[in-house]
Amino acid sequence: MTPARDYLEKCKGLIEAVSLQEDLISQAAELFSRSILAGRLVHIFGSGHSRIPVEEMWPRYGSFPGFHPIVELSLTYHNQVVGANG
């Protein structure tokens, strides 16, 4: 198997793993939408690289209203341990 074929097969496996969670993802989306429509917030958190999708929900032009990203700079790898947050 070539490296390219191996990569594509692993991608297929990841897509299949997500597809198997479709019902649960839909349930979570329903809970999120009900909270937002009721005037409440959906709090989201991530540290390290899992912070990236959280930052995508940050209030800005084109963002998703109703989501409240919880971000802490000192929990990322973008900041030294010492200093203002350390």
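Letter by letter, the sequence shown follows residues 40 to 125 of this note's numbering.
We treat Cβ as the ideally placed atom computed from N, Cα and C, and that holds for glycine.
Using alpha carbons as the reference points, say which of the options lies closest to residue i.
i: M96; options: P42, S89, R79, H107; result: H107
i: S89; options: S58, E69, L112; result: L112
Quick one: what's residue i bridged to in DSSP?
i: F106; result: V81
Are the beta-carbon atoms belonging to residue i and residue j less than 8 angstroms from one another?
i: G105; j: I75; result: yes
i: V110; j: E94; result: yes
Run the CB neighbour count on residue i, radius 10 Å, all protein chains shown included, and call it buried at 16 or more, exposed below.
i: I83; result: buried
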